[in-house]
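Take a look at the structure set out below.
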Amino acid sequence: MSLRFAILTALVERDSTGLELARRFDRSIGYFWPATHQQIYRELDRMRAGDLIREVPTDGKPGRGQPRRFTITPDGRRLLRGWISEIEDPDVVRSGVSVRLRAAAALDDPDSARPALEHQRAYRAAMLEQYRTIEQRDFADARGDARSTLQHLVLRLGILLEETWLTWLDEALDTIDRLDSTPDSSADRSGTVP
Numbered sequence: 001m002s003l004r005f006a007i008l009t010a011l012v013e014r015d016s017t018g019l020e021l022a023r024r025f026d027r028s029i030g031y032f033w034p035a036t037h038q039q040i041y042r043e044l045d046r047m048r049a050g051d052l053i054r055e056v057p058t059d060g061k062p063g064r065g066q067p068r069r070f071t072i073t074p075d076g077r078r079l080l081r082g083w084i085s086e087i088e089d090p091d092v093v094r095s096g097v098s099v100r101l102r103a104a105a106a107l108d109d110p111d112s113a114r115p116a117l118e119h120q121r122a123y124r125a126a127m128l129e130q131y132r133t134i135e136q137r138d139f140a141d142a143r144g145d146a147r148s149t150l151q152h153l154v155l156r157l158g159i160l161l162e163e164t165w166l167t168w169l170d171e172a173l174d175t176i177d178r179l180d181s182t183p184d185s186s187a188d189r190s191g192t193v194p
């Protein structure tokens, strides 16, 4: 997947200026496909050159400093429709906190991973709270139309992932609490775990 498809999706939902797109990424799309404002503007230029999007007239005088509003073109819609049904491998999950926990195990120092686990737990709890706030604000009165239902489904994935992270982090912290955190210098660490 690339940023291009996230932007095309956003423009199918509604025409937007670059700034409006960047704000939408900051508030919603970016939770699942993050991008910097600079990346968004660069991609908009490439997509316009490739005739996937075009500028639409804005109210006011055209000129320097006026925001450019973009809409998806028929070519952009065709590309997006084709992409939706393409099969791709699932995203690889990278987890620095998991590597830290494994390193703590290899060094026989489980407690050394505690700060990273606690930090990750606080972050995940905050994200879950944000997602639940969004769910309450945007989906409390379920309209039942396809757009709203599928957007809610994407948000539900975020909620379930954060709940899973919190369950695992609590388990990891509870496990560390039960383990003796004193390094065992006599243990042979050359034989490794898979």
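For the record, in the sequence shown the residue sitting at position 125 is 125 according to full-length UniProt numbering, with numbers rising by one throughout.
Where a beta carbon is used, it is the ideal one built from N, C-alpha and C, also for glycine.
Rounded to whole angstroms, the Cβ separation of arginine 69 and serine 16 is 7 angstroms, and the two are in contact under 8 angstroms.
Valine 56 is bridged by DSSP to Arg69.
Listed as beta-bridge partners of serine 95 by DSSP are no residues whatsoever.
For tryptophan 83, the uninterrupted alpha helix (DSSP H) segment begins and ends at 74 to 84. Listed as beta-bridge partners of serine 16 by DSSP are Phe70. In the three-state scheme derived from DSSP, where H, G and I count as helix and E and B as strand, aspartate 111 is classed as helix. Excluding its 5 nearest sequence neighbours in each direction, leucine 153 has no C-beta neighbour in its own chain below 6 angstroms. Setting aside the 5 residues that flank it on each side, glutamate 162 is surrounded in the same chain by Arg124, Met127, Leu128, each with a C-beta closer than 6 angstroms to its C-beta; the list follows chain order.
Taking 9 angstroms as the cut-off, the beta carbon of leucine 8 is found closer than this to the beta carbon of methionine 47.
The beta carbon of alanine 116 is closer than 6 angstroms to those of Val97, Arg100 in its chain, skipping five residues each way along the sequence.
A straight line joining the alpha-carbon of proline 34 with that of glycine 18 spans about 15 angstroms. DSSP, reduced to helix, strand and coil, places aspartate 177 within a helical segment of the structure shown.
Remark: C-beta atoms of threonine 71 and leucine 11 approach each other more closely than 9 angstroms. Around the beta carbon of arginine 178, fewer than 16 other beta carbons lie within 10 angstroms, which makes this residue exposed.
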